[in-house]
Amino acid sequence: MEFKKFKAYMLTAEKMSCDYSRGYKHGLRRCYHGESFGTEQEHDQYMQMGITDEYRKEIGDGYRDGFAGKAPKNRHGNIGNTNAQKELPADTQLQCRINSQFKAQIIRQANKDGMKLTPWILQTLAKACDEDTK
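Printed below as a string of structure tokens:
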């Protein structure tokens, strides 16, 4: 796993405050650092959590996902994948119709924030999605 992906997954998991994220972060560290992170006994305990009973199931699920190098639960797998422009690959298109006054207004706001229109729109939408999950 590349450091950029590790860091992106870790930052995403840190925004989640639940048992799953605790296990996930631990498993992701084990995935990235290998056997130098934690002990084999500790690894085995985390791998077995929640398999035979519901106790600590979320921690165990998180650990196994992190250890497998998967994106955190309910998060897109492209987190951390970047192209030369340091943006997620554009693999789909979104269109909407707005009036010219509103377009001028959002362009001004993007410029005021020091950004081009498309990255500004993407950032604004991402923030709205983050607020929706809280």
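Each residue of the sequence shown is one higher than the one before, starting from 1 at the first, in the UniProt record's numbering.
Glycine is no exception: its CB is placed at the ideal position from the N, C-alpha and C atoms.
Bounding residues of the alpha helix (DSSP H) (the contiguous stretch that carries residue i)
| i | result |
| --- | --- |
| K103 | S100 to K112 |
| E42 | E40 to Q48 |
| C96 | C96 -> no alpha helix (DSSP H), and no H or E assigned at all. |
| G69 | First-last for G69: undefined, no H or E at that position. |
| K15 | F3 to K15 |
| D19 | D19 to H33 |
Cβ neighbour criterion (16 or more within 10 Å) applied to residue i
| i | result |
| --- | --- |
| I59 | buried |
| G66 | buried |
| S36 | exposed |
| Q116 | Checking the displayed sequence, the identity of residue 116 turns out to be Lys instead of Gln. That one is exposed. |
| C31 | buried |
| A34 | Position check: residue 34 holds Gly in this sequence, whereas Ala was assumed. Exposed, because fewer than 16 other Cβ atoms sit within 10 Å of the Cβ of G34. |
| S100 | exposed |
| K112 | exposed |
| K25 | buried |
| N83 | Low confidence applies here, because N83 scores a pLDDT of 47, under 50, leaving its location unreliable and the question unanswered by this model. |
Selection from the options that minimises the alpha carbon distance to residue i
| i | options | result |
| --- | --- | --- |
| K73 | T92, G34, D113 and K15 | K15 |
| A8 | Q93, R56, A71 and I121 | A71 |
| G23 | Q45, K5 and Q41 | Q45 |
| E42 | G27, I51, G114 and M10 | G27 |
| D19 | A126, K112, K57 and G114 | K57 |
| R64 | K5, S21 and L122 | S21 |
Pair within 9 Å by beta-carbon distance, residue i and residue j
| i | j | result |
| --- | --- | --- |
| R97 | T12 | no |
| G62 | M1 | no |
| Y55 | M49 | yes |
| A110 | P119 | yes |
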